[in-house]
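For the protein sequence lines, the chains are S and Y, in the order given.
Residue numbers for the first sequence follow the working numbering, so the first one is 1 and each next one is one higher.
Residue numbers for the second sequence follow the working numbering, so the first one is 1001 and each next one is one higher.
Beta carbons are placed, not taken as given, at the ideal position from N, Cα and C, and that holds for glycine.
Predicted model, so just to flag it, every value in this text is computed and none were measured.
There are 2 protein chains.
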Amino acid sequence: MPKKPLILVTNDDGITAPGIRTLITAMKTIGEVVVVAPDSPQSGMGHAITVNSTLHLERVTIDDDSQTEYSCSGTPADCVKLAVREILKQKPDICVSGINHGSNSSINVIYSGTMSAALEAGIEGIPAIGFSLCDYNYNANFEAAKHFATKIVKKALKEGIPKNTVLNVNIPNTPLNAIKGIKVCRQAKANWVEEFDKRQTPLGKDYYWLTGKFVNLDKGEDTDEWALNNNYVSIVPVQFDLTAHHTIQTLNSWNFNE
Amino acid sequence: MPKKPLILVTNDDGITAPGIRTLITAMKTIGEVVVVAPDSPQSGMGHAITVNSTLHLERVTIDDDSQTEYSCSGTPADCVKLAVREILKQKPDICVSGINHGSNSSINVIYSGTMSAALEAGIEGIPAIGFSLCDYNYNANFEAAKHFATKIVKKALKEGIPKNTVLNVNIPNTPLNAIKGIKVCRQAKANWVEEFDKRQTPLGKDYYWLTGKFVNLDKGEDTDEWALNNNYVSIVPVQFDLTAHHTIQTLNSWNFNE
């Protein structure tokens, strides 16, 4: 019998969130699972790493099950670094992050702690996938997400994810039987139109809460937003070479010496 | 006389860091400067935004000069959002971030608070540039960085930065007269080989400090690392569409239904 794949599981909502508990259950049907996840929610942490303070790891048991789990005081990217360097004895066969409570489609990928963990694994040469369910509720229904996470991880282990690429998978907030399938997409050119909710402290000083509305002006039918709005699971291949190669020629025409 | 350009200045080392003070001085020779920068160092914050707590802005005067300055309790990306929505009456003509104390070349772009501010501005449709000096010292010599920041911002205002692109500028740790010029580059495929320095608290519990060595295995002479190592200022155009477009065809060949 071939050896079971070693699967590193992490997230950004914290180790006790229903999303990661679902992902752990799903991954245990595929391989040997080790969990290293933040001890508290880290949403909106982007690709933060902890350079100016200490990191703490705690061996924990969250449910009755047998997988190895550590809770970590750091960010999702820290969790992956610590897992690879301090916990795992071999490189994992795949790293999965999520299932995030809320969408990481379109420009959200850039603010996403879930995807930063997957990207960190990718940078380390580990095949990696981030999963997000388009439902922000703590008690969201993860049935469809679980089904597709299992299917996609099995496929990724079999086919191999293209080099220097990680997968950003979003699952629409739709019952499993209403989901039409899986679409490979590009990131939609959508963004947040933000407003700040300005309030006053009891002592009369202004402060702000970030609020906003997600606006998609991208009419393409090959985008993750289109797929999700049409009840498909979206997979966007994401790269960490951020170079806008197509603009290099233009910039080379700038004469800095005039 | 044409109207002076409006320049938003921010950073991730905090509003009092010598790097941003230098950048402010340089930008005041070009246009009207408004500063919105973190009240404390935010290095390694990646593209973090503050979604689960409040944000505070304070009008401050750091030196004797006349520019409008606000210190902000949030991340670099928060600073840009607050500047655009709450402080500035019109869209700035350009947003400049830095000058960072330390390199943001190669893969460092992904962990960089300096670049996250520039990217945030770019997402908002504002031309943006991040500047970093390859010297981590608080009292680094910013003379060359100041010279090239001035030159590059003037050029960017004149030519216009390509759409959906922000510039990642790194200045080698070299005296001004030894710098050979400016090179437009791609991001080198280099990365950090990390180690954790494992220690014990006075009570005997393990904790960790992230440490690491930067390793460049990319031999290309068109990379930012090559430019910096050869005494050139590097400019990498950076995009926030992270889609690995070239892998979509391969992923479309995956059959999820077998």
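- Distance check between residue 1191/Y and each of 1110/Y, 1087/Y, 1029/Y places 1110/Y closest, using alpha-carbon atoms only.
- Using beta-carbon distances, residue 45/S counts as an interface residue toward chain Y, with a partner under 9 angstroms.
- Listed by position along chain Y, the residues whose Cβ is nearer than 7 angstroms to that of residue 252/S are 1184.
- The beta carbon of residue 1167/Y sits closer than 8 angstroms to those of 1118, 1128, 1129, 1130, 1152, 1156, 1161, 1235, 1236, 1237, 1238, all from its chain and outside the five residues before and after it, given in chain order.
- When CB distances to chain Y are screened at a threshold of 8 angstroms, the residues of the segment 47–66 of chain S falling below it are 47, 48, 49, 50, 51, 52, 54, 55, 56, 57, in chain order.
- Of the residues 31/S, 71/S, 81/S, the one whose Cα lies closest to the Cα of residue 150/S is 31/S.
- Under the Cβ criterion of 9 angstroms, residue 198/S is counted among the residues facing chain Y.
- At a cut-off of 9 angstroms between beta-carbon atoms, residue 237/S makes contact with chain Y.
- Residue 221/S: not part of any beta strand (DSSP E); DSSP gives it neither H nor E.
- The segment 246–255 of chain S makes contact with the segment 1178–1188 of chain Y: 3 or more CB pairs, one atom from each, lie closer than 8 angstroms.
- Here DSSP, grouped into helix, strand and coil, assigns residue 1078/Y to helix.
- Each of 1100/Y, 1082/Y, 1106/Y was checked against the Cα of residue 1229/Y, and the nearest Cα belongs to 1106/Y.
- When DSSP states are grouped into helix, strand and coil, residue 100/S belongs to the strand group.
- Residue pairing by DSSP puts residue 1191/Y in a beta bridge opposite 1215/Y.
- Separation of residue 1023/Y and residue 1038/Y (C-alpha to C-alpha, rounded to the nearest whole angstrom) is 15 angstroms.
- What residue 1247/Y touches in chain S, judged by beta-carbon distance under 7 angstroms, is 162, 165, 237, going in chain order.
- For residue 178/S, the number of other beta carbons within 10 angstroms of its own is below 16, and it is reported as exposed.
- In this structure, the alpha-carbon of residue 1197/Y lies about 13 angstroms from that of residue 52/S.
- Take the alpha-carbon of residue 1047/Y and the one of residue 164/S: they are about 20 angstroms apart.
- Under the Cβ criterion (8 angstroms, minimum of three pairs), the segment 1135–1146 of chain Y does not count as touching the segment 1201–1220 of chain Y.
- About 7 angstroms separates the CB atoms of residue 76/S and residue 11/S; that is less than 8 angstroms, so the two are in contact.
- In the DSSP annotation of this structure, residue 29/S is not part of any beta strand (DSSP E), being labelled neither H nor E.
- Excluding sequence positions up to five before and after residue 1154/Y, its CB lies within less than 7 angstroms of the CB of 1030, all in the same chain and listed in chain order.
- For the segment 95–123 of chain S, the beta-carbon criterion of a distance under 8 angstroms to any beta-carbon of chain Y is satisfied by 107, 109, 110, 111, 116, 119, 123.
- Looking at 65/S, 90/S, 55/S, the one whose alpha-carbon comes closest to that of residue 74/S is 55/S.
- Secondary structure note for residue 1167/Y: its beta strand (DSSP E) is the uninterrupted segment 1165–1171.
- The C-beta distance from residue 173/S to residue 133/S rounds to 7 angstroms, short enough to fall under 8 angstroms.
- Put simply, the CB of residue 1187/Y is near chain S, with a gap under 9 angstroms to one of its CB atoms.
- Not flagged as an interface residue toward chain S: residue 1204/Y, since no C-beta distance is shorter than 9 angstroms.
- Within the same chain, 1012, 1013, 1014, 1017 come within 8 angstroms of residue 1041/Y by CB-CB distance, once the 5 residues on both sides are set aside.
- Counting only runs that start and end inside the segment 35–68 of chain S, the beta strand (DSSP E) elements of at least 3 residues fall at 57–59.
- Contacts between residue 1214/Y and chain S, judged by CB atoms closer than 9 angstroms, are missing: the closest CB pair is about 13 angstroms apart.
- Just measuring C-alpha positions, the residue of 45/S, 171/S, 125/S, 255/S sitting nearest residue 115/S is 45/S.
- Collapsing the DSSP output to three states places residue 178/S in a helix.
- Residue 1111/Y carries a helical assignment under DSSP once its states are collapsed to helix, strand and coil.
- Pairing residue 218/S with residue 188/S gives a Cβ-Cβ distance under 9 angstroms.
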